[in-house]
Structures are given as structure tokens and as C-alpha cells.
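Numbering (my numbering), first residue to last: 1 to 303. Built from N, CA and C at the ideal position, the CB exists for glycine as well. Some notes on the structure that comes next.
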Amino acid sequence: MIAVQQLNMQFGIKGQLEFREDISGLIVAEISNQQASASLCLQGAHLMTWKPRSQAMPVIWLSRDAKLAAGKSIRGGAPVCWPWFGPHASEPAFPGHGYARTVPWEVVESGTEPGGETRLTLRLTDSEKTRAQWPHDCTLDLTVIVGETLRMLLSTKNTGASDFVIGEALHTYFQIGDIGAVRVIGLAGCDYWDKVGGSTLRKQDGAISFSGETDRVYINTAAKCVIEDERLKRRIHVAKSGSLSTVVWTPWTEKASKMGDMGQPDGWREMVCVESVNAMENVVKVAAGAKHTMTVEYRAELI
Ligand code: BG6
């Protein structure tokens, strides 16, 4: 039996969750319930879209040039960066942001929450291929709970006999009206590594607004953030746990044009990344046999 039929028999939920094969050959889970719709690619456990019924516009941005292809990360959505964030510390040939976002995951569970939200859990288990880049025994689970609020839980279980250290991110791209008309509130007073033009430690003064390339790793912060969007007249609330870094990123004109998949001519203006992360001084040591979980919770309100 072909994989997609098997998945639908085992994990499909009538009227709520269906698996389909994309023309790329990758499998996508389509979720639709009374509260929201969403889609998730099994490669990378990559949530691509999420739109609560209360919103005319999606809350998560997917580039109009996003391509689904085996072994390639999808531009937009919520990439899972793991087990390192950014470039690998010593191996420049290893993939940026780790390998989790470009390898197939398996579906392990699905269901309906008491409030009517749809739940789906995917798993990445270590293999010969993953151990070639990261030699540890572990299980990584992503649970996505789709409703008027979106919840994601990323759990790393150390199944080996020695401790290891991970960097990680739920690298979410949020849909906005225009990058020049949003503010990110919640990080005032936090220290951040400013990655534009070198790496300098600075302190955030007030809310963040955008007038050029922005690539910042805020450290030692569990703060909630709000993306205030004048153009779409809405606020997106970003809450998290198990994460002490927050990355705020927008590429701006030059970098976006070099990236080639941001949606021509200026798709990048309609996104901002507010990423829940553990990076730099906040990487996490997971002891042998222990489990570490990072969670995020997103909701949007009109203003
Ligand atoms: C952000 C990084 O998290 O991701 C940026 O801080 C990077 O430096 C961006 O450019 C996008 O990364 P990628 O690998 O998806 O192009």
C-alpha cells in the first residue's frame, strides 16, 4: 500500500486531518477544523501554514516562491532548526540550522483535543545518516496542536549513555502587512548579539522597529513578544517555555534578492521572524536519559 494511504488509514481524522502527496513526492498533512486550517510537510516536520478562522490573513507566512523538494528546506512556515542553530561550530560543510529541517520524520500520533483542536506528533530518530553529523542517540518529537491558538512542543530525549548539548529553534515566519509598519514589543532591556556587520553585544532600547537588515539573537530571555501590525490591524502574541533566546530576523532588499526564494519582487516585506530559540550562551545540555522540551504558543487578535 502506498505511504499516503497507509498514513490516512492509521492517522487520518475524518473531516480534520488528511495526508496527501505533493508533486515533489513529499507528503503533506492538511489540517482543517472549526477553529483553523494548517498544513505541515513531513519532511522537516515543517509547519507551512496556519490560519485561524477569526483571521482574514494567514498568521504564518509562506513564501509564494516556496518550493517543496527532497532534502531542501522550505522558505517560510516554521522550520525546525536542530541540533544546532546557525552554522555548525566546526564543520562549515554541515547544513546551517542543523539537519532536522531537511530529513523525513515519521508520524507517531494524531488526535483531537478536548477543545476541538487537532493534534499531530512527528518523530525524528537518530540513524546512521544523522549520526554522521551528530553522533548521539536521541529521539526528537514535534507535536503541533492546531486551533484558534497554535501550540508546538519540541522535545529532545537523550536515549544514549552520555550527555549532549543542543542548539534549536522554531524559526517561525509571521505574516505581516509591511515590515516598515510593525513593531516587536517585549524585549526592551534584553541583551542581544547583533549579527549584522559582525557580532556585537547590545542592549534593546524600547520596541523593535525595522528600517534595514535585522538579525539579532536576544539572550537570557523567556519574555512573551507581541508583533504589532498597523497595516493588518492586528497583534500576534508569541509565548514560549523552555527557550531562553529569541531571534528577530528580516533580510531586507539586498539579502532577500540573493536568497532567491523570498517571493519576488518584495515578498520579504510581508514577513518577520520571531524565533523561539536556544542558541549562543543558551544552548541546552541534555543529560543521558533526560528530556528537554521547548514550547511555543501563538495567537492573533484584531485591533
Ligand atoms: C535566522 C538567522 O535565524 O535565519 C539568519 O539568524 C539567517 O542569519 C536566517 O539568515 C535564514 O536562514 P536560512 O538558512 O533559512 O536561509
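Check whether the Cβ of residue i sits closer than 7 Å to any heavy atom of ligand 1, and report yes or no.
i             : result
cysteine 273  : yes
histidine 97  : yes
serine 73     : yes
aspartate 141 : no
lysine 195    : yes
histidine 46  : no
valine 146    : no
aspartate 22  : no
aspartate 266 : no
histidine 88  : no
valine 247    : yes
aspartate 215 : yes
histidine 171 : yes
Could you tell me if residue i is buried or exposed, where buried requires 16 or more neighbouring beta carbons within 10 angstroms of its beta carbon?
i              : result
alanine 132    : exposed
glycine 260    : exposed
alanine 100    : buried
threonine 200  : exposed
asparagine 33  : buried
methionine 294 : buried
isoleucine 23  : exposed
serine 127     : exposed
arginine 53    : exposed
isoleucine 176 : buried
leucine 302    : exposed
proline 114    : exposed
Determine the contact status of residue i and residue j, defining contact as a CB-CB distance below 8 Å.
i              : j                : result
alanine 66     : leucine 170      : no
threonine 143  : leucine 153      : yes
arginine 272   : cysteine 225     : For the record, residue 272 in the displayed sequence is valine; it is not arginine. In this structure, cysteine 225 does not lie closer than 8 Å to valine 272 by Cβ.
arginine 299   : glutamate 117    : no
isoleucine 27  : leucine 47       : no
valine 107     : leucine 122      : yes
arginine 269   : aspartate 178    : yes
threonine 214  : threonine 253    : no
threonine 156  : lysine 285       : no
tryptophan 105 : alanine 45       : yes
isoleucine 166 : tryptophan 82    : yes
alanine 279    : phenylalanine 11 : no
tyrosine 192   : isoleucine 227   : no
valine 182     : alanine 36       : no
threonine 112  : glutamine 16     : yes
glutamate 21   : glutamate 30     : no
glutamate 297  : alanine 222      : no
glycine 263    : serine 63        : yes
arginine 216   : valine 248       : yes
isoleucine 13  : serine 110       : yes
Taking the alpha helix (DSSP H) that residue i falls in, what are its first and last residues?
i             : result
lysine 129    : 128 to 131
threonine 139 : Segment 138 to 146 is the beta strand (DSSP E) holding threonine 139; no alpha helix (DSSP H) there.
leucine 7     : 3 to 11
threonine 253 : 252 to 259
Where does the unbroken beta strand (DSSP E) through residue i begin, and where does it stop?
i              : result
glutamate 21   : 17 to 21
glutamate 270  : Neither: glutamate 270 is in no beta strand (DSSP E) and is coded neither H nor E.
alanine 36     : 36 to 41
arginine 216   : 214 to 218
lysine 51      : 46 to 52
tyrosine 306   : A query on residue 306 cannot be resolved here, the shown segment of the chain reaching from 1 to 303 and no further.
aspartate 191  : 191 to 194
leucine 120    : 118 to 125
threonine 149  : Threonine 149 -> no beta strand (DSSP E), and no H or E assigned at all.
valine 108     : 106 to 112
serine 199     : Where serine 199 is concerned, there is no enclosing beta strand (DSSP E), given that its DSSP letter is neither H nor E.
serine 32      : 27 to 32
isoleucine 185 : 182 to 185
alanine 169    : 168 to 170
serine 241     : 234 to 241
isoleucine 227 : 225 to 229
Worksheet item: Below 8 Å, can you find three or more Cβ-Cβ pairs linking the segment 191 to 198 to the segment 227 to 242?
Response: no
Worksheet item: Just checking, does the segment 59 to 74 make contact with the segment 85 to 102 on the three C-beta pairs under 8 Å criterion?
Response: yes
Worksheet item: On the three-pair Cβ rule with 8 Å, is the segment 272 to 281 touching the segment 156 to 173?
Response: yes
Worksheet item: Is the segment 197 to 211 touching the segment 153 to 165 in the sense that three or more CB pairs, one from each, lie closer than 8 Å?
Response: no
Discussion item. Taking contact to mean 3 or more Cβ pairs, one atom from each stretch, closer than 8 Å, check whether the segment 29 to 41 and the segment 234 to 245 are in contact.
Written reply: no
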